[in-house]
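Residue numbers are given in full-length UniProt numbering: position 198 of the sequence shown equals residue 198, and the series is strictly consecutive.
Note that the Cβ used here is the ideal one computed from N, Cα and C, for glycine as well.
Since this is a predicted model, take the numbers as computed values, not measurements.
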Amino acid sequence: MNTPVPDGEDPLGGGESLLGASQGGAEGADRFLADSRGEEAVESARRGRWARHLLEESTTIAATLHASVGNEVYLMLRTGERRRVEVSSLGEDYVQVRGSASILWIRLSCVIAVEAASSVVANPEAFDPAEGLLSEVLEDLVADELQITLTLVGGAVLAGVAISVGAALRLRLPQSGNIAVIDLANIEIILLDIPQSTR
Numbered sequence: 001m002n003t004p005v006p007d008g009e010d011p012l013g014g015g016e017s018l019l020g021a022s023q024g025g026a027e028g029a030d031r032f033l034a035d036s037r038g039e040e041a042v043e044s045a046r047r048g049r050w051a052r053h054l055l056e057e058s059t060t061i062a063a064t065l066h067a068s069v070g071n072e073v074y075l076m077l078r079t080g081e082r083r084r085v086e087v088s089s090l091g092e093d094y095v096q097v098r099g100s101a102s103i104l105w106i107r108l109s110c111v112i113a114v115e116a117a118s119s120v121v122a123n124p125e126a127f128d129p130a131e132g133l134l135s136e137v138l139e140d141l142v143a144d145e146l147q148i149t150l151t152l153v154g155g156a157v158l159a160g161v162a163i164s165v166g167a168a169l170r171l172r173l174p175q176s177g178n179i180a181v182i183d184l185a186n187i188e189i190i191l192l193d194i195p196q197s198t199r
């Protein structure tokens with residue numbers, strides 16, 4: 001039912017015409033859409049900052065090495081040495097790397113920095129060291145009776161054949177024929193030379 005409107009009164013009661021009301025609604029919708037987009041942009045930036053923060057907080061040397069398996073990196077060691085190596089695998093307390101003619105097992109506590117390509121992204125959640133402990137590497141080297149070179153805490157170097165391992169490693173020194181007994185905690189690097197094939 002249509003109610004008669006006295007002359008001069010606005011049927012909308014607010015001084016707006018029907019056209020004005022629809023324009024005001026469109027402006028309100030545009031403003032709402034712009035506000036929503038602005039809020040989405042702010043929220044997206046906030047999520048990005050949070051993700052970067054989480055990555056920065058959880059990135060460790062071990063996670064970076066894990067992400068670098070199969071790639072070349074530079075390792076900075078607490079001795080001051082900088083080595084260019086290819087990361088082969090990661091154990092619970094060591095990283096296995098390849099040099100030009102050797103395999104090295106380096107105690108993780110000796111690695112003070114890793115320089116990797118910017119494309120290497122550490123994912124701490126994917127970190128799953130499955131290779132065991134440095135002491136288990138030594139057990140394998142004892143079983144194979146291989147000539148190894150050890151770098152010890154303080155920089156001393158010993159070369160010989162590992163003959164037994166327990167709380168300490170027994171190493172037969174070929175030049176003197178003596179046996180060196182080394183506490184496992186003092187072994188920083190184990191180096192195994194790879195024989196080069198002659199063609």
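Buried versus exposed call for Y74 [16 or more other C-beta atoms within 10 Å across all chains shown]
On the sequence shown, position 74 is the one that residue 74 refers to. Label assigned to Y74: exposed.
8 Å Cβ cutoff met for V87 and N71
As a working mapping, residue 87 is identified with position 87 in the sequence shown. As a working mapping, residue 71 is identified with position 71 in the sequence shown. Yes, the Cβ-Cβ distance between V87 and N71 is below 8 Å.
Give me whichever residues DSSP pairs with A180 in a beta bridge.
Working through the sequence shown from its first residue, we reach residue 180 at position 180. Looking at the DSSP assignment, A180 forms a beta bridge with L171.
Is S109 helix, strand or coil by DSSP?
Taking the sequence shown and counting its residues from 1, one reaches residue 109 at position 109. Note: S109 maps to helix in three-state DSSP.
Would you report the Cα separation of I61 and Q147, rounded to the nearest angstrom?
One-based indexing of the sequence shown puts residue 61 at position 61. One-based indexing of the sequence shown puts residue 147 at position 147. Rounded to the nearest angstrom, the gap between the Cα atoms of I61 and Q147 is 29 Å.
Does L54 come out as helix, strand or coil in the three-state DSSP assignment?
Mapped onto the sequence shown, residue 54 falls at position 54. Any answer about L54 is weak, because its pLDDT of 48 lies below 50 and its placement is not dependable; what the coordinates show is given next. Helix.
Mind checking V95: buried by the 16 CB within 10 Å criterion, or exposed?
Against the sequence shown, residue 95 aligns to sequence position 95. Buried, by the Cβ-count rule.
Taking the C-alpha atoms as reference points, what is the distance between G166 and V42?
If you number the sequence shown from 1, residue 166 lands on position 166. If you number the sequence shown from 1, residue 42 lands on position 42. Here the C-alpha atom of G166 lies approximately 58 Å from the C-alpha atom of V42.
Note down, in chain order, each residue of its chain lying with its Cβ closer than 7 Å to the Cβ of V142, except the 5 sequence neighbours on either side.
The sequence position of residue 142 within the sequence shown is 142, counting from 1. Excluding residues up to 5 positions away in sequence, A162, I163, S164 and V165 lie with their Cβ nearer than 7 Å to the Cβ of V142 in the same chain.
Is L191 helix, strand or coil when you go by DSSP?
The residue labelled residue 191 in the question sits at position 191 within the sequence shown. The answer is strand: DSSP assigns L191 an E or B state.
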